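In the working numbering, the protein residues as written are 290 to 575.
Here is the structure we will look at.
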Ligand code: AMP
C-alpha cells in the first residue's frame, strides 16, 4: 500500500504541487479536521475520480470554534487517519500546526455576507463561518488545487464556500459531495463518538423527520405547518432544537419557486450538537 507523503509546512506543499503541475497532473484537495470516517473517505473517492493527485488537509482549525465549543476535546486520531488515507491511495496529507497557519501577528480574516449571515448556523455560532472562510481560503491559496471537495453534510458551509470562491475569483472548482449515512439514516460525523448508547439510538429521528417533512412540502402541504409539526417531533424525541428551517439551497434565504431548496436542522442531544439537511424534491407545487 502506498503511504501518502505527509507535509507540515506551506513551502514543502507548494514544492510538491509544483512538481505535479510540471508533470501535467491535475490536483484535488479534500479539507478536513481529521478524525476521519467513511464520509471523509467518500469525498476522497470523488477526488480520485476527478483528479490525478489527491491531497487531504488535516487541521483542527481553532478559529472556527467559539471559546465554549469542543476545540480541545475534538477527536484527534492522526495515525488511524493516515492508515485510512493510505488505503484510499491519497497522494499527500497536509497537516500543519496552528503556528504555521496562524503565526504570531496574524490578523486577516475574510468578511462574509449572503449565505453566511442567513441565520441558521450563524445565529448559534456567530464567529464560525469567518473561521471556516479564512482557513479554506488559506488552504486553497496554499495548494491551488483544480478542484476542492466539500460535503453537503455541512450545507450552509458549502454555500458559503461556493459564494466566497466565486466572489474572490479563486481558481478552484468547488464540488459538493452527498452525505454518507449510517444504515439507520444518521449522518456520519466525527462528533457521533460523543453520543451515549441511548443518544445514539435516538439520533436517527432527525433524518426520519427531515425525510417526511421534505416529502410533505414537496407534496404541497403547508410548509409552516409541516415545519412546526417537525420541530415538535424533534423536541419530543429528546432533542433541544437550535433550528429547523426550509431555505433556498444557494442563497440560504427564503425558498423561491423553481429553485432548489433544502431543509436544514441543528439540534442538541445531551452535550452533542448534530446538524443535518436534506433536499426538498421539486414537487407538483414547487
Ligand atoms: P470535518 O472534518 O468535519 O470538517 O469535515 C470535512 C469534510 O467532510 C467537510 O467538507 C464535511 O462536510 C465532510 N463530511 C463530514 N461528514 C460527512 C458525511 N457524513 N458525508 C459526506 N461528507 C462529510
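Note that beta-carbon positions come from the ideal geometry of N, C-alpha and C, so glycine has one too.
Owing to the predicted nature of the structure, the values given are computational and were not obtained by experimental measurement.
As computed with DSSP, residue 440 is found in a beta bridge with 466.
A contact between stretches requires three or more CB pairs, one per stretch, nearer than 8 Å, and the segment 351 to 370 meets this requirement with the segment 404 to 417. If you compare the alpha carbons of 442, 480, 547, 453 with that of residue 496, the shortest gap goes to 442. The Cβ atoms of residue 466 and residue 335 lie closer than 9 Å to each other. Going by C-alpha positions, residue 524 is about 31 Å away from residue 349. Within its own chain, the residues whose Cβ lies closer than 7 Å to the Cβ of residue 447, once the five positions on either side in sequence are excluded, are 439, 441, 465, listed in chain order. Apart from the 5 residues on each side of it in sequence, residue 323 sits with its Cβ closer than 7 Å to the Cβ of 347, 349, 365, 366, 367, 370 in its chain, given in chain order. Counting along the chain, the unbroken alpha helix (DSSP H) around residue 372 starts and ends at 367 to 377.
In this structure, the CA atom of residue 552 is about 19 Å from the CA atom of residue 558. Screening all residues for a C-beta within a distance smaller than 6 Å of any heavy atom in the ligand AMP leaves 321, 322, 328, 329, 331, 332, 439, 440, 442, 443, 466, 468, 469, 476, 477, 478, 479, in chain order. In terms of Cα proximity to residue 400, the closest of 387, 390, 384, 425 is 425.
With contact defined as three or more Cβ pairs closer than 8 Å, the segment 469 to 477 and the segment 449 to 460 are not in contact. Using a Cβ distance threshold of 9 Å, residue 492 and residue 481 count as a contacting pair.
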